[in-house]
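Below is one structure, written out as structure tokens, with a few remarks after it.
There are 2 protein chains.
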Amino acid sequence: MKKLASHGCHGGTLSYYSHASTSTKCDMRFTVYMPPKPTGAALIFLSGLTCTEENFTTKAGAYARASELGLIIIAPDTSPRGDNVPDDASISLGKGAGFYLDATQAPWNTHYNMYTYISAELPKLLRENFPIRCFGLFGHSMGGHGALTIAQKHPDLFQSVSAFAPVSRPSQDGWGPAAFTAYLGSDTTTWNDYDATALMSRHTGPATLPQILIDQGLDDGAYKEGRLNPEAFAAACKSVGQPVNLRFHPGYDHGYFFIQTFINDHLHHHAAILETIK
Amino acid sequence: MKKLASHGCHGGTLSYYSHASTSTKCDMRFTVYMPPKPTGAALIFLSGLTCTEENFTTKAGAYARASELGLIIIAPDTSPRGDNVPDDASISLGKGAGFYLDATQAPWNTHYNMYTYISAELPKLLRENFPIRCFGLFGHSMGGHGALTIAQKHPDLFQSVSAFAPVSRPSQDGWGPAAFTAYLGSDTTTWNDYDATALMSRHTGPATLPQILIDQGLDDGAYKEGRLNPEAFAAACKSVGQPVNLRFHPGYDHGYFFIQTFINDHLHHHAAILETIK
Numbered sequence: 356m357k358k359l360a361s362h363g364c365h366g367g368t369l370s371y372y373s374h375a376s377t378s379t380k381c382d383m384r385f386t387v388y389m390p391p392k393p394t395g396a397a398l399i400f401l402s403g404l405t406c407t408e409e410n411f412t413t414k415a416g417a418y419a420r421a422s423e424l425g426l427i428i429i430a431p432d433t434s435p436r437g438d439n440v441p442d443d444a445s446i447s448l449g450k451g452a453g454f455y456l457d458a459t460q461a462p463w464n465t466h467y468n469m470y471t472y473i474s475a476e477l478p479k480l481l482r483e484n485f486p487i488r489c490f491g492l493f494g495h496s497m498g499g500h501g502a503l504t505i506a507q508k509h510p511d512l513f514q515s516v517s518a519f520a521p522v523s524r525p526s527q528d529g530w531g532p533a534a535f536t537a538y539l540g541s542d543t544t545t546w547n548d549y550d551a552t553a554l555m556s557r558h559t560g561p562a563t564l565p566q567i568l569i570d571q572g573l574d575d576g577a578y579k580e581g582r583l584n585p586e587a588f589a590a591a592c593k594s595v596g597q598p599v600n601l602r603f604h605p606g607y608d609h610g611y612f613f614i615q616t617f618i619n620d621h622l623h624h625h626a627a628i629l630e631t632i633k
Numbered sequence: 356m357k358k359l360a361s362h363g364c365h366g367g368t369l370s371y372y373s374h375a376s377t378s379t380k381c382d383m384r385f386t387v388y389m390p391p392k393p394t395g396a397a398l399i400f401l402s403g404l405t406c407t408e409e410n411f412t413t414k415a416g417a418y419a420r421a422s423e424l425g426l427i428i429i430a431p432d433t434s435p436r437g438d439n440v441p442d443d444a445s446i447s448l449g450k451g452a453g454f455y456l457d458a459t460q461a462p463w464n465t466h467y468n469m470y471t472y473i474s475a476e477l478p479k480l481l482r483e484n485f486p487i488r489c490f491g492l493f494g495h496s497m498g499g500h501g502a503l504t505i506a507q508k509h510p511d512l513f514q515s516v517s518a519f520a521p522v523s524r525p526s527q528d529g530w531g532p533a534a535f536t537a538y539l540g541s542d543t544t545t546w547n548d549y550d551a552t553a554l555m556s557r558h559t560g561p562a563t564l565p566q567i568l569i570d571q572g573l574d575d576g577a578y579k580e581g582r583l584n585p586e587a588f589a590a591a592c593k594s595v596g597q598p599v600n601l602r603f604h605p606g607y608d609h610g611y612f613f614i615q616t617f618i619n620d621h622l623h624h625h626a627a628i629l630e631t632i633k
């Protein structure tokens, strides 16, 4: 793991790192906000389509409150990168569009293994290098999809979860079907494993995650086009007894001015849950 | 004046505008943060080299506290723009490097009139379109130079002033001499009119500005290279009785992680002064 840069920020440090990933078979970048007094609670934020590790880090306005709450925050990139990594002209396939899954179809299946990267390789690397006691997971849009799916599959690893304007039912809506066809093939039964609503619908037994916080702007173009569908996910949660707090906000759109408005609510949501974890 | 985009943000709106400027003879862009309950106090933030209206707007984290304090914040671009506007390969001359002066030398003197734009045209346009009672002025790096020079020359218009890592003595230091030679010519006596330290040194009579707040990071590469020299400006203030609060911060560099750390202090500084203005 190589430190590329480090900046003083709200009494702590914001650093950029690079490492050779075994999951994605390329160098991956992420940022780490280390507060002045870390409590051991660490949040991983998954970004949306077209984003890198930069978007959340520079635009979300998260680090003032993270400093106060002692939260470590990690912002990884959204896909494999590099000249050898296949790409596509679409914004919803290839670089910047990893969809937090392990691709099974050529040419994507060599590098596009963001599911394994986020759910196993990155948390292990982070634990080895930083004073981390427990993890929360959150994200925006495609990264909200990543957070809601990965946290469901790894409730012991990611013990708190939230999302901003998440892609909630990608096997049916928006950018999902085209991306899933490319990455996973045309057998749609394989898609449910990466669909937050489908995963929640088939959940049996008591809730395994604490209450999930979801914020959705009502002036969000992607929402109005039916690409996000947080209601479908909330309905699935209700059907299986998973607590969810889905909040709608008139006047807010899909971008970082929306995220920065509600980011502190998310930080408090995670901190309140994670401070109870030994 | 044309509204290009508008986004909900901390209970108010962040909007992008464009207008045909008579000063710079091109279309100019700026952003306006309008808080939910504006008090009538408006701050103009002047950005640094290479920046546009985007940098402060997306990275400074100013709008949460601006919303609470009822401050309107305007972030203009740093230079004229467009295919007809002359440019230079250097980062410190041409587009993104207007230096908040009125150029006297060809080919710059047609469009590069950022001094008139910021000190006259833009405030007039803003007053005509928004509920503004009074103005404060602040900025970063080259924009700190702009704030410290323009506020000194227009203390009745800009009634509070602050700066982050300002270029404080450009007639002698850093990027200044080359840029001033191009924009103003080789007669260095004309340069003093755009040099915060020279302007303050020749000030006579009592202070005309309330206390000026300046923050400077000690890990700032530009500072360590002698390009900023806020000490020279503070010494000039002291010599003429102008109150100044120059604060140094170990561990902070020249970028927006530094600015976001101290932005709320600046907002409170301006709000406390401007709330006393009728």
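Each protein sequence line maps, in turn, to chains A and B.
Here the working numbering is used: the first residue of the first sequence is 356, the next is one more, and so on.
Here the working numbering is used: the first residue of the second sequence is 356, the next is one more, and so on.
Idealized CB from N, CA, C, for every residue including glycine.
Supposed contact pair residue j and residue i - C-beta distance, whole angstroms, cut 8 Å
i, j, result
"B/Gly395", "B/Pro532", "The pair is not a contact, with the Cβ atoms about 40 Å apart (cut-off 8 Å)."
"A/Ile505", "A/Tyr538", "Wrong, their Cβ atoms sit about 16 Å apart, outside the cutoff."
"A/Ser496", "A/Leu568", "That pair is no contact at about 16 Å."
"A/Gly494", "A/Leu401", "3 Å"
"A/Leu629", "A/Gly491", "6 Å"
"A/Ile614", "A/Ala415", "5 Å"
"B/Ile427", "B/Tyr470", "Their Cβ separation, rounded to whole angstroms, is 22 Å, which puts B/Ile427 and B/Tyr470 out of contact at 8 Å."
"A/Cys364", "B/Thr616", "6 Å"
"B/Ile632", "B/Arg488", "7 Å"
"B/Leu503", "B/Ala551", "4 Å"
"B/Leu573", "B/Tyr607", "7 Å"
8 Å Cβ cut-off: residues of chain B touching residue i
i, result
"A/Gln615", "Cys364, His365, Gly416, Tyr418, Ala419"
"A/Thr413", "Thr413, Lys414, Tyr611"
Boundaries of the alpha helix (DSSP H) in which residue i is found, first to last residue
i, result
"B/Gly498", "497-508"
"B/Asp579", "It should be noted that the sequence gives Lys, not Asp, for residue 579 of chain B. It spans 576-579 - the alpha helix (DSSP H) in which B/Lys579 sits, taken as one unbroken run."
"A/Asn619", "611-629"
"A/Val595", "585-595"
"B/Arg420", "418-424"
"A/Arg482", "477-484"
"B/Lys319", "Residue 319 of chain B is absent from the structure shown; chain B starts at 356 and stops at 633."
Where residue i meets chain B, residues with beta-carbon distance less than 7 Å
i, result
"A/Gly606", "Gly363"
When the options are compared against residue i, the one with the closest alpha-carbon
i, options, result
"A/Cys592", "A/Gln615, A/Gly581, A/Met555, A/Pro561", "A/Met555"
"B/Thr386", "B/Leu477, B/Thr377, B/Asp442", "B/Leu477"
"A/Ala553", "A/Gln507, A/Leu512, A/Gln615", "A/Gln507"
"A/Ala587", "A/His362, A/Arg524, A/Phe612, A/Ala627", "A/Arg524"
"A/Ala444", "A/Lys579, A/Asp575, A/Leu583, A/Ala534", "A/Ala534"
"A/Thr465", "A/Met356, A/Cys381, A/Gly529, A/Cys489", "A/Cys381"
"A/Asn484", "A/Cys364, A/Ile632, A/Lys357, A/Thr616", "A/Lys357"
"A/Pro521", "A/Ala626, A/Glu423, A/Gly576", "A/Gly576"
"B/Asp511", "B/His500, B/Leu564, B/Pro598", "B/Leu564"
"A/Trp530", "A/Asp570, A/Tyr578, A/Thr413, A/Asp548", "A/Tyr578"
"A/Arg582", "A/Asp548, A/His500, A/Thr536", "A/His500"
"A/Ser474", "A/Ser422, A/Trp546, A/Phe513, A/His362", "A/Phe513"
"A/Ser422", "A/Tyr607, A/Gly366, A/Ser361", "A/Gly366"
"B/Gly498", "B/Ala461, B/Tyr549, B/Trp463", "B/Tyr549"
N- and C-terminal bounds of the beta strand (DSSP E) containing residue i
i, result
"B/Ser373", "367-376"
"B/Gly531", "Counting along the chain, B/Gly531 falls outside any beta strand (DSSP E), though it belongs to the alpha helix (DSSP H) covering 531-539."
"B/Thr386", "381-389"
"B/Ser361", "357-364"
"B/Ala553", "Where B/Ala553 is concerned, there is no enclosing beta strand (DSSP E), although the alpha helix (DSSP H) it sits in stretches over 551-556."
"A/Pro435", "Counting along the chain, A/Pro435 falls outside any beta strand (DSSP E), and DSSP gives it neither H nor E."
"A/Ser515", "513-519"
"A/Ala396", "396-401"
"A/Ile473", "A/Ile473 -> no beta strand (DSSP E), and no H or E assigned at all."
"B/Ile567", "567-572"
"B/Asn712", "Past the boundaries of the shown model lies residue 712 of chain B; chain B is included only from 356 to 633, so the question cannot be answered."
Contact list for residue i against chain B, beta-carbon separation under 9 Å
i, result
"A/Gly572", "Gly363"
"A/Leu369", "Phe612"
Closer than 7 Å: residue i CB and nearest the ligand GDP heavy atom
i, result
"A/His362", "The model depicted lacks the ligand GDP and carries no ligand whatsoever."
Within chain A, the residues that residue i reaches when beta carbons sit closer than 7 Å
i, result
"B/Gly610", "His362"
Task: Cβ contact check for the stretch 541-549 of chain A and the stretch 594-603 of chain A: 3 or more pairs under 8 Å - done: These segments do not touch.
Open item on the list: Within 8 Å, do at least three Cβ pairs link the stretch 511-522 of chain A to the stretch 608-621 of chain A?
Closed with: The stretch 608-621 of chain A, when compared against the stretch 511-522 of chain A, does touch it at the 8 Å Cβ threshold.
Open item on the list: Quick check: the stretch 443-460 of chain A against the stretch 375-382 of chain B, are at least 3 beta-carbon pairs closer than 8 Å?
Closed with: The count of Cβ pairs closer than 8 Å, one atom from the stretch 375-382 of chain B and one from the stretch 443-460 of chain A, stays below three, leaving the stretches out of contact.
Task: Inter-stretch contact (C-beta, 8 Å, three-pair minimum) for the stretch 431-444 of chain A and the stretch 399-415 of chain A - done: Judged by Cβ distances under 8 Å, the stretch 431-444 of chain A makes contact with the stretch 399-415 of chain A, as three or more pairs qualify.
Open item on the list: Would you call the stretch 574-594 of chain A in contact with the stretch 552-566 of chain A, where contact means no fewer than 3 C-beta pairs closer than 8 Å?
Closed with: The stretch 574-594 of chain A, when compared against the stretch 552-566 of chain A, does touch it at the 8 Å Cβ threshold.
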